[in-house]
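Everything on this sheet refers to the single structure shown next.
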Amino acid sequence: DAGVIQSPRHEVTEMGQEVTLRCKPISGHNSLFWYRQTMMRGLELLIYFNNNVPIDDSGMPEDRFSAKMPNASFSTLKIQPSEPRDSAVYFCASRTQGSNTGELFFGEGSRLTVL
Amino acid sequence: AQKVTQAQTEISVVEKEDVTLDCVYETRDTTYYLFWYKQPPSGELVFLIRRNSFDEQNEISGRYSWNFQKSTSSFNFTITASQVVDSAVYFCALILNTGGFKTIFGAGTRLFVKA
Chain A
53 DAGVIQSPRH EVTEMGQEVT LRCKPISGHN SLFWYRQTMM RGLELLIYFN
103 NNVPIDDSGM PEDRFSAKMP NASFSTLKIQ PSEPRDSAVY FCASRTQGSN
153 TGELFFGEGS RLTVL
Chain B
1443 AQKVTQAQTE ISVVEKEDVT LDCVYETRDT TYYLFWYKQP PSGELVFLIR
1493 RNSFDEQNEI SGRYSWNFQK STSSFNFTIT ASQVVDSAVY FCALILNTGG
1543 FKTIFGAGTR LFVKA
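These protein sequence lines are chains A and B, in that order. Residue numbering for the first sequence follows our numbering, starting at 53 and increasing by one per position. Residue numbering for the second sequence follows our numbering, starting at 1443 and increasing by one per position.
Rendered as structure tokens:
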């Protein structure tokens, strides 16, 4: 079975450019999470969706960040304009249907470097 | 407030030694769920175990064991006879029924196992 699929795996961009990270959750999972991992701040929850609806976006750092989930099989995290401090590994994770307290299944992450 | 503390930033052991990774959590909820995840050098996060707050029974899975003690709000993880392949960052995590079922991660403990 395919796991959570993220793209791109690596992105290098220049400050000011728009960045779009993509995620395909595991089929049948109805909760999707975006996390950011840095050495300084560890794993931070940015936003999560239940049934394609954003439930909590309190972790989104600022208006430059936005996330969408147009359907059950696809989500995007967009940064516009990007800044060097956005450099991090961004993880997408999904959780199985009907299990709000179940384990998360993570993608391999998208490593973003903003120069 | 809910919080997960992993006080050990890094631990270094020699192969075949036993090692315990500490996790202390804070919550006023009576129902909650605790997790351990492993992040090997390849970067993906892998689920290891889930425990609910009503089940204090310790668990053993091969060389891994977990000690859950509500009296001290701890959920410690022990690796017996460590191996080089155990080298990774290990995260403890918490889900509350309140707070929208967000998964809250500790800062992680980096384990080095030397041959």
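Note that the Cβ used here is the ideal one computed from N, Cα and C, for glycine as well. Please read these numbers as outputs of a predicted model, since none were measured by experiment.
With 16 other Cβ atoms within 10 Å as the buried cut-off, status of proline 77 (chain A): buried
Members of the stretch 1486-1509 of chain B that neighbour chain A once the beta carbon cut-off is set at 8 Å: Listed in sequence order: Glu1486, Leu1487, Val1488, Phe1489, Arg1492 and Asn1494.
Stretch pair the stretch 80-98 of chain A + the stretch 131-150 of chain A: three plus CB contacts closer than 8 Å: yes
Terminal residues of the beta strand (DSSP E) in which leucine 156 (chain A) lies: For leucine 156 (chain A), there is no enclosing beta strand (DSSP E), as DSSP marks it with neither H nor E.
Residues in the stretch 1470-1484 of chain B having any Cβ partner in chain A nearer than 7 Å: Tyr1475 and Phe1477
Beta carbon proximity, threonine 1551 (chain B) to chain A, threshold 8 Å: no
Runs of beta strand (DSSP E) lying entirely within the stretch 64-129 of chain A, each at least 3 residues, in chain order: 71-76, 83-90, 94-102, 105-108 and 117-123
Closest Cα partner of glutamate 1498 (chain B) within the set B:Gly1548, B:Val1488, B:Tyr1479 and B:Thr1473: B:Thr1473
Closest residue to glutamate 135 (chain A) among A:Thr153, A:Ile107, A:Gly161 and A:Leu167 (Cα-Cα distance): Considering only alpha carbons, the answer is A:Leu167.
Any C-beta of chain A under 8 Å from that of lysine 1544 (chain B): yes
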